[in-house]
Amino acid sequence: MSAVPSQGQAGEGRVLGIGLDLCLCPRIGEVIGRHGERFLARIFTPAERAYVERLGGRNRTGAYAKRWAAKEACAKALGTGFARGVAFRDIEVRRNAAGAPELALSGGARQVLAALTAPGHRAQLFLSMSDDGPFAMAQVLIQQHAL
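To convert, note that position 36 of the sequence shown is 70 in my numbering; the numbers rise steadily by one, no gaps.
Put into structure tokens, the structure is as follows:
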């Protein structure tokens, strides 16, 4: 018997999706260098940009790369990628009161998440991000819980 309920069961703690993304930090740096403001405004929310710009210096590219990877991982966990109305700016990486990263969804991403979640349940998103050398990665787990 599986520890995770099957697709047809609502189940407490049921996993709705898992997404993982690996990104090359220098690639994101090159895209920012080539497209600048146009790229940043299309991909990242004003709050994300303000957070990263406060970091400044050499942390800037890695921080943007981790957020790129988080958005990609979330879109994969939703099962849509960037389709069905899901846009990059619909997925925002924030920091909670303890400083841990978390996701806030809006627009098409929020609508897809609502459609995935069984009636009488709420979805919870878990995000882990890391970077090392030229790589940034993120993993997203979406789980549902009874109200």
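Quick reminder that beta carbons are idealized off the backbone N, C-alpha and C, glycines included.
Closest to ALA143 by CA distance: which of ARG48, ASN93, ASP124, ILE62 is it?
Nearest to ALA143 by C-alpha distance, out of ARG48, ASN93, ASP124, ILE62, is ASP124.
Quick check: what's the CA-CA separation for THR114 versus CYS108?
So the two alpha carbons sit approximately 9 Å from each other.
Distance between MET171 and PRO60 (C-alpha atoms, nearest Å)
Their Cα atoms are separated by approximately 13 Å.
Output the boundary residues of the beta strand (DSSP E) element that contains ARG101.
Run containing ARG101: none in the beta strand (DSSP E); it sits in the alpha helix (DSSP H), 93 to 112.
Would you kindly work out how many angstroms separate the C-alpha atoms of ASP55 and ALA157, rounded to a whole number?
Spanning the two alpha carbons is a distance of roughly 21 Å.
Grab the span of the alpha helix (DSSP H) containing VAL65 for me, first residue to last.
It spans 59 to 77 - the alpha helix (DSSP H) in which VAL65 sits, taken as one unbroken run.
Starting from LEU161 and walking both ways along the beta strand (DSSP E), at which residues does that stretch end?
155 to 166 is the span of the beta strand (DSSP E), which, as asked, contains LEU161.
Please confirm if the segment 128 to 142 is in contact with the segment 66 to 77, defined as three or more CB-CB distances below 8 Å between the two stretches.
When Cβ pairs closer than 8 Å are counted between the two stretches, the segment 128 to 142 is seen not to touch the segment 66 to 77, the count staying below three.
Cα separation between PRO168 and SER162?
In a straight line, the C-alpha of PRO168 is about 18 Å away from that of SER162.
Out of ALA121, ASP166, ALA134, point me to the one whose CA is closest to GLN145's CA.
Out of ALA121, ASP166, ALA134, ALA121 has the C-alpha closest to the C-alpha of GLN145.
Inter-residue CB distance, LEU137 and VAL174 (contact presumed, cutoff 8 Å):
With 8 Å as the limit, LEU137 and VAL174 qualify as a contact, their Cβ atoms being about 7 Å apart.
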